[in-house]
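Line by line, the protein sequences are chains A and B. The C-terminal residue of the first sequence carries number 428 in my numbering, and the numbering is unbroken. The C-terminal residue of the second sequence carries number 464 in my numbering, and the numbering is unbroken. The C-beta atom is built at its ideal place from N, Cα and C for all residues, glycine as well.
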Amino acid sequence: MSGPLEGVRVLDLTNALMGPYAARIIGDLGADVIKVESREGDFVRGTGPARHAGMSNIYLNVGRSKRSLMLDLKHPKGRAALLRLAKNADVLLYNIRPQAMRRLGLSYDDVRAVNPRIIYCGAYGYGQDGPYAAKPAFDDLIQGAVAMPYLVQRVGGEPRFATTAVCDRSVGLHIVYSVLAALFYRERKGVGQAVDVPMFETMADMVLSDHLYGKTFDPPEGEMGYVRMLSRERRPFPTRDGHVCVMPYTEKHWFAVFDAIGRPELKSDPRFATIAARTTHTEEIYRILGEGMAARTTEEWVAVLDAADVPVMRLNTLETLLADPHLAATGFFRFVEHPSEGRIRSMAIAQRFSASPPEVTRHAPRLGEHSVEVLREAGLDEVDINELVNLGVTCDARTT
Amino acid sequence: MENTDPASSDGRRGPLASVRILDLSNMGMGPYATSLMAELGAEVVKIEPPEGDPIRGVGPMHHPGMASTFLLANRNKRSLVLDLKRPEGQAVVHKLIESFDVLFFNMRPPAMARLGLDYERVAKINPRMIYCGAYGFRQDGPYAEKPAYDDMIQGLTALPYLEGRLTGTPRYIPLAIADQTVGVFAAYAVLAALVSRASTGRGQAVEVPMFETMAQFVLLCHMCGQMFDPPLGPTGFVRHLTPHRRPFPTTDGHISLVPYNDAQWFRLFDVMGKPELKSDPRFCNITDRTNNIGELYRIVAESLATRATAEWMADFERADIPAMPMHTLDSLLADPHLNATGFLGWETHPTEGRVRALAPSSRWMGTPPAPQCPAPRLGEHSVEVLREAGFPEDAIASLGASGVLRTAG
């Protein structure tokens, strides 16, 4: 093990995408993450192409840097085993609602009775003191609830969800820093605590940070909605053979662009003279830019605008992203050998740490692959473990 | 539950109340990262050039330099204006580095070196320093020197392309998704380094590149069949790329609907008045539903178009089917849950009047974050920060006279 979180032990009771993504990051950074799964296993194991049942591509990505312990928490012996593990854990992560944890006999009070230093982190849909407390939460529901499809409608004509699980992933990241902030505090003061990370509030903060806009003020200074981001003209511009992403920002950028598209007279146009004026005339300036970009090929524009020091990038597809020259040069993708799933693509940890560089050392485990090893470490003897296996409270997938 | 956390000597509270951050970042990503840490109690001194963070000018405002976007992302920070292009300004930062835990920046490393703030120099002054740079690209690849803005990182990581697959027109997500997401990555990277320092005593340099970070974010689900060698199929996560997956129009709005297991789907078929679908071989289990998801979503859309949002929501609630009405920006501000939980609030800014304030979204039992403070005017805390760092009055006066240090007007 290596990485800044070496020595931290996490019991991860989450499933699907959000919690497991957070746990993977914490595992990538060097923590020992024990994924506690039901007999059926995390259902994300079944989502998308797979070589073997329970080992889907999404699971392989999000399940790495963990060990898998199958444990039936509804069985009293399963619960007892979990509390035994909790004694030596630093973090317990869950994504069912607190009432459901109470029903399992695993409320914060139950867990801290065995380990007062534990960070008990719950990540679920909605703050428990508001009217949505009991509602279920999925990425699509939260996207809709924080107006993301509405924003898409404003620029594209019809409401659509973002084409990636933005809420699951973003809130997953918020879980990570919340857990780390609590760990940092415990390092100083020796005190554990319970932390709640609600999806709806977290995403509302992300959306409103950009789009509260005129309604930041009382009385309002105008409508909600960040003008530039909601401009229908702001998009990757079609070139002669593809699309290009251009982002002139400063006056210097814009003037260089006006020259490059053969419209130098716009440099003295009062509509585009200051950042405030350009913001007011967002639609026009982007329309002019878009018309200009149609004249040449993507490669030509990248060369011309790069030379003029104007921020520009080509538009990647998923396929060209996999082949991107920068990612290739920095070794972002590599193939690794998974013991049961064969050669799979692995993505590097994006951040770099100079003193405690993390590295991915654990492949995504089969369901129950580490049950026996983890229970042994918690001090259960072979007789206890065999009994749990025979009762079906755990399973031993070492040899399958 | 008990609050175990006494306020620090200067009144700060929260799990990060002992952490001191020098924040050289500007625009969207970096200030969002430091605002998350400030929200949890960290002391953030925002070092700005004499003309201020450009984001001060973005969005509606009462006064120049105090636009809405700046006000939201720079709460709980103090503003110190320093001309870092002059050696006297650099000397001030060198002095401040002695007593801070984190130096956070978003310019590229060569630009930091030109300011005399490369890691070697900083670590020599304070070996416990967490030196975190969040910028566009890793420095050992061909894009190293390229500038990075949200739009460009979205384009590079195929987000507009994915949108184009659905609608025919590539478009950006209308949210600074790369800035905000990488901001959160940067926040946890700093915290991981702080946790590491608590046990090892050592600081370190941390690099957070936007492109690599977002590539990982997007490909987590969309790598799909290309995860395997040999591939098991193309890239692209099917459910997210079906044109039928969208908020379904009702007679007066839209509803997001996510039935997940068999029981929820079957209850939905009943509520829709189409119980026969329960025995339709195309839809009776998750594998068949996934294979026929387009057709299934089309049938659901047809049904939902026949009644009002509130009517459907009442039925979905009764039948325990996961659903939420789609908000507009304005209805989001009026949301009953956000208003009941105190997430949406107001604060009085000393110069900008009543402004909206969003409460921290996480809840802390032992160390609840302190009451939050409004965003500073440019240079509002220049003198106070230098005094705390031990600069004598005459030195502060002379820095002010030479224009290296600026204070709020």
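Consider the Cβ of residue i: report whether some Cβ of chain B lies at a distance smaller than 8 Å.
i, result
"LYS94 of chain A", "no"
"LEU201 of chain A", "yes"
"GLU215 of chain A", "yes"
"GLN127 of chain A", "no"
"PRO159 of chain A", "yes"
"ARG324 of chain A", "no"
"GLY407 of chain A", "no"
"ASP40 of chain A", "no"
"SER384 of chain A", "yes"
"GLY35 of chain A", "yes"
Using a cut-off of 8 Å between C-beta atoms, extract the partners of residue i located in chain B.
i, result
"PHE189 of chain A", "HIS295, ARG300, ARG301, PRO302, SER311"
"TYR241 of chain A", "GLY114, PRO115, SER123, THR124"
"ASN43 of chain A", "What ASN43 of chain A touches in chain B: nothing, since even the nearest Cβ is about 12 Å away."
"ASN85 of chain A", "MET278, CYS279, GLY280, MET282, PHE283, LEU287"
Sorted by chain position, which residues of the same chain lie with C-beta nearer than 7 Å to residue i's C-beta, five sequence neighbours on each side aside?
i, result
"MET98 of chain A", "GLU65, ARG67, LEU395, GLY396, SER399, THR422, CYS423"
"PHE324 of chain B", "PRO330, LEU332, LYS333"
"GLN47 of chain B", "Lying outside 56 to 464, the shown extent of chain B, residue 47 of chain B is not represented and no answer is given."
"ALA190 of chain A", "GLN171, MET176"
"GLY171 of chain B", "GLN145"
"SER206 of chain A", "CYS149, VAL223, VAL225"
Which two residues bound the contiguous alpha helix (DSSP H) that contains residue i?
i, result
"LEU208 of chain A", "194-217"
"MET167 of chain B", "164-169"
"ALA232 of chain A", "227-239"
"PRO391 of chain B", "391-395"
"PHE125 of chain B", "123-128"
Please report whether the beta-carbon of residue i lies at a distance below 8 Å from any beta-carbon of chain A.
i, result
"GLN427 of chain B", "no"
"MET278 of chain B", "yes"
"PRO104 of chain B", "no"
"PHE159 of chain B", "no"
"ILE354 of chain B", "no"
"ASP206 of chain B", "yes"
"THR236 of chain B", "yes"
"MET379 of chain B", "yes"
"ARG176 of chain B", "no"
"TRP401 of chain B", "yes"
Mind listing the chain A neighbours of residue i? Cutoff is C-beta to C-beta under 8 Å, in chain order.
i, result
"CYS339 of chain B", "Here the premise fails: no neighbours, minimum Cβ distance about 16 Å."
"HIS117 of chain B", "PHE245, GLU249"
"GLY348 of chain B", "Position check: residue 348 of chain B holds Ile in this sequence, whereas Gly was assumed. None at all; the shortest Cβ gap to chain A is about 12 Å."
"ALA253 of chain B", "PHE212, GLU215, ARG216"
For a contact defined as C-beta to C-beta under 7 Å, what are the partners of residue i on chain B?
i, result
"ALA175 of chain A", "HIS382, THR383, LEU384, LEU387"
"PHE360 of chain A", "GLU267, ALA270"
Spatial neighbours of residue i within its chain, please: CB distance less than 6 Å, with the 5 preceding and 5 following residues excluded, ordered by chain position.
i, result
"LEU217 of chain B", "none"
"GLY91 of chain A", "ALA392"
"GLU186 of chain A", "none"
"ALA222 of chain A", "TYR136, TYR148"
"TYR314 of chain A", "SER259, GLU261, ARG262"
"ARG125 of chain A", "TYR152"
"SER123 of chain B", "GLY114, PRO115"
For residue i, report the span of its beta strand (DSSP E) as first-last.
i, result
"PRO264 of chain B", "259-264"
"GLU279 of chain A", "First-last for GLU279 of chain A: 279-288, but that is the alpha helix (DSSP H), not the beta strand (DSSP E)."
"VAL250 of chain B", "Not the beta strand (DSSP E): VAL250 of chain B falls in the alpha helix (DSSP H), residues 232-255."
"ASP78 of chain B", "75-78"
"ASP40 of chain A", "37-40"
"MET116 of chain B", "Segment: none, MET116 of chain B is in no beta strand (DSSP E) and carries neither H nor E."
Could you list which residues in chain A have their beta carbon closer than 7 Å to that of residue i, in chain order?
i, result
"SER80 of chain B", "Per Cβ cutoff of 7 Å: no residues; SER80 of chain B is ~15 Å from chain A at best."
"ARG193 of chain B", "THR358"
"SER73 of chain B", "ARG216"
"TRP419 of chain B", "GLN221, VAL223"
Regarding residue i and the ligand NAD, is the C-beta to nearest heavy atom distance less than 7 Å?
i, result
"GLY83 of chain B", "For the ligand NAD, the structure offers nothing, since it holds no ligand at all."
In its own chain, which residues sit with a C-beta less than 8 Å from the C-beta of residue i, not counting the 5 before and 5 after it?
i, result
"GLU387 of chain A", "SER30, GLY31, ILE377"
"VAL36 of chain A", "ILE54, GLY58, ALA59, ASP60, ASP118, VAL119, LEU211"
"PHE228 of chain A", "GLY153, TYR154, GLY155, TYR160, ALA165, ILE170, ALA173, VAL174"
"ASP56 of chain A", "GLY31, ARG92, SER93, ILE377, PRO386, VAL388"
At a CB-CB cut-off below 9 Å, which residues of chain B make contact with residue i?
i, result
"ARG371 of chain A", "PHE283, ASP284, PRO285"
Interface residues of chain A around residue i at Cβ under 9 Å?
i, result
"ARG409 of chain B", "PHE245, ASP246, PRO247"
"VAL263 of chain B", "ALA378, GLN379, ARG380"
Extract the residue ranges of the alpha helix (DSSP H) inside the segment 300-373 of chain B, only unbroken runs of 4 or more that lie entirely within it. 317-326, 341-346, 348-359
Where are the beta strand (DSSP E) runs, 3 residues long or more, that stay fully inside the segment 293-380 of chain A, in chain order? 340-342, 361-366, 370-375
Curious, which full-length alpha helix (DSSP H) runs of at least 4 residues does the segment 63-91 of chain A contain? 85-90
At 4 residues or longer, and completely inside the segment 373-451 of chain B: list those alpha helix (DSSP H) runs for me, N to C. 384-388, 391-395, 437-443
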